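Read left to right, the sequence shown gives residues 937 to 1385 (the working numbering). Note that the Cβ used here is the ideal one computed from N, Cα and C, for glycine as well. Everything numeric in this text was worked out from a predicted model, so none of it was measured.
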Amino acid sequence: MKALILFLCLFSIVLRTHAYKIAVFASLISNSQVLFNHRVCETLANAGHDVTFIRVTVYETDFTALATPKGVKAHSVNASTGASFERFEAAQSESLFKEYSLFDSQRYTGSGVMFMLETVVKSCENLLQNKEFIEWLRRERFDLAFTHMFEACPIGLIHHVKIPSWVWLNSAPLLDFVASSVGVPLPPSYVPPMVMAVKDSMTFTERLKSFVGHGLLSILYPRTVTRPETAMFRKYIDPNFPDLGELSSKAPLVMVNSDELYDFPRPTLHKVINIGGIGVDFKDARNLSGEFATAAEKAKHLVVFTFGSIVDMTKMPESWKGSWLAAFAEFPDVQFFVRYKSNDLKDRIPENVLLSKWLPQADLLQHPKTRAFITHGGYNGFQETLSAGKPAIVIPFFSDQPRNAELAEKLGFGIKIHKSEVSKDTIVSALREILYNKKCDFYFVFIFR
């Protein structure tokens, strides 16, 4: 009888759970993409699932500085092509600070983005020749897999080893080729290509560019990714392997790092789920320490300035560097924290500027004195800005960044500076608007808090 009572007591406190064995594929192409995938892994693990983060090495560069989240297993597989991330950065630097039209081939073929896609596709060939990894993947018998938006190779592997279901992850707003693949309508009259720097209300000329741009982009992805990778699967796996474009179109679920509350209106499908801000939680933001704490203590306001992990600020034109420093000197009661990897400015910086190769970005954004975030508009930083409730000055460069800058302006929590307009005057004007105009504060108070 006592044993029965004990059993009933124990049974009453047991929660019924459904834990799945989940694989999260990610090619290590940048710290920002690794960070997003870590947040997805951590969220799944916290829900009780058995999560394995499959780290596919693409470059020779090591991205292990970001520790795998607690409770998540990591499985590393080397598919490196021998290319270095530094080469990618160099390729980016050739185009980032120049201006190209939507139809200029240099916007695509001369940029680091194309270098990255070519490297990822080459790494797929190395991955498919790794029979040991493929057999390990088969033996693990995963219930579900997540794969990243930029490539189709994991989609083919998921099909090959017969993982029952999978999710297509977008670390940015819904990418055009993902939308097109799964059947989400892309009306060019109000849904422009993600690389266009326009809002959803467009002029006739902008709509025409949108129409042509969607046509060009619908050709680009199959030519650069799915067709070459399909050929690799037919060479190394099975001569009759299905077309990766066809497999992509059958994605059971698409998860998008966005939210209806702060995105442009667009058509959608029931299989497209918004997970904007996943893993962005400032409850555990720590107090500043060292030189950051000392500088913050003396200042009336703080401003955080970084262009992320891909845009190398040391490659800025000299005119830009001089403009930023001169503009910052106009605000002596504001402390500027700048992520900058070189020492070439150390003899020129004003007293209210702190340069550092690394910033405690989350802690700085959450600091009560922080008044603004100067950013390139990458989506991780975009989400952190929104979560921290801080207005932004956005200088977009490529990919979804121009779109994000337009969105910040439309929603009223950001000011865009086009890269062709960067000067002391435009920077000072934007800073004054952000620091002393309460309109952005009004937006965050009534929309996000």
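Original post:
Among the residues of its own chain, which have a CB less than 6 Å from the CB of Thr-1362, if the five just before and after it don't count?
Top reply: Here the set comprises Ile-1353.
**OP:** Give the single residue among Pro-1005, Val-1097, Leu-1002, Ser-1107 whose Cα lies nearest to the Cα of Gly-1213.
**Re:** Ser-1107
Original post:
So, using beta-carbon positions, are His-985 and Tyr-956 closer together than 7 Å?
Top reply: yes
Subject >> Same chain, Cβ closer than 6 Å to Ala-959, neighbours up to 5 away in sequence not counted >> reply: Thr-988, Ile-990, Phe-1078, Ala-1081
Subject >> Rounded straight-line distance, which links the Cα of Leu-1301 to that of Ala-1324 >> reply: 6 Å
Subject >> Local Cβ density within 10 Å of Lys-1326, reported as buried at 16 or more and exposed below that >> reply: buried
Original post:
How many angstroms separate the CA atom of Arg-1170 from the CA atom of His-1096?
Top reply: Taking the straight line from one Cα to the other gives about 12 Å.
Subject >> Status (buried if at least 16 other CB within 10 Å, exposed otherwise) for Pro-1203 >> reply: Around the Cβ of Pro-1203, a 10 Å sphere holds fewer than 16 other Cβ atoms; the residue is exposed.
**OP:** Compute the beta-carbon to beta-carbon distance between His-1150 and Asp-1112, rounded to the nearest angstrom, for a pair I have assumed lies under 8 Å.
**Re:** 7 Å
Subject >> Gly-1181 vs Pro-1164 beta-carbon contact at 7 Å >> reply: no
**OP:** Please classify Arg-1307: does DSSP put it in a helix, a strand, or coil?
**Re:** strand
Original post:
Pick from Ala-1003, Lys-1251, Val-1239: whose alpha carbon is nearest that of Gln-1297?
Top reply: Val-1239
**OP:** Could you check which residue in Thr-1141, Leu-1144, Lys-1186 has the C-alpha nearest to that of Ala-1115?
**Re:** Looking only at Thr-1141, Leu-1144, Lys-1186, the smallest Cα-Cα distance to Ala-1115 is reached by Lys-1186.
Original post:
Out of Phe-1243, Ala-1229, Gly-1244, which has the shortest C-alpha to C-alpha gap to His-1237?
Top reply: Ala-1229
Subject >> Whole-angstrom distance between Leu-1073 and Met-1138, CA atom to CA atom >> reply: 47 Å
Original post:
What are the boundary residues of the beta strand (DSSP E) that Val-1103 is part of?
Top reply: 1101-1106
Original post:
Can at least three beta-carbon pairs, one atom from the segment 1332-1347 and one from the segment 1312-1320, be found at a separation below 8 Å?
Top reply: Yes: the two stretches touch, three or more of their Cβ pairs being nearer than 8 Å.
Original post:
Just the Cα atoms here: how many angstroms apart are Phe-1241 and Leu-1002?
Top reply: 21 Å
Subject >> Cβ neighbour criterion (16 or more within 10 Å) applied to Asp-1336 >> reply: buried
Subject >> CB-CB length for Ser-1259 against Ser-1359, believed under 8 Å >> reply: 5 Å
Original post:
Taking just the CA atoms, how far does Ser-1016 sit from Pro-1178?
Top reply: 25 Å
Subject >> Identified DSSP bridge partners for Gln-969 >> reply: Partner(s): none; Gln-969 has no beta bridge.
Original post:
Hey, how far is the Cα of Val-1270 from the Cα of Pro-1286?
Top reply: 11 Å
Original post:
Between Arg-952 and Leu-1205, what straight-line distance do the alpha-carbon atoms span, to the nearest angstrom?
Top reply: At Arg-952 the pLDDT is 49, less than 50, meaning the model places this residue with poor confidence; the figure from the coordinates comes in the next sentence. Whole-angstrom Cα-Cα distance: 31 Å.
Subject >> Through-space distance from Val-1330 to Tyr-1198, alpha-carbon basis >> reply: 16 Å
**OP:** Would you give the residue range spanned by the alpha helix (DSSP H) that Ser-1116 belongs to?
**Re:** 1112-1118
Subject >> Inter-residue spacing [alpha-carbon to alpha-carbon] between Asp-1280 and Pro-1175 >> reply: 55 Å
Subject >> Supposed close pair Ala-1262, Lys-1305 - CB separation, criterion 8 Å >> reply: Between Lys-1305 and Ala-1262 the Cβ distance is about 23 Å, and since that is not below 8 Å, they are no contact.
Original post:
Where does Met-1191 fall in DSSP's three states?
Top reply: Met-1191: strand per DSSP, three-state reduction.
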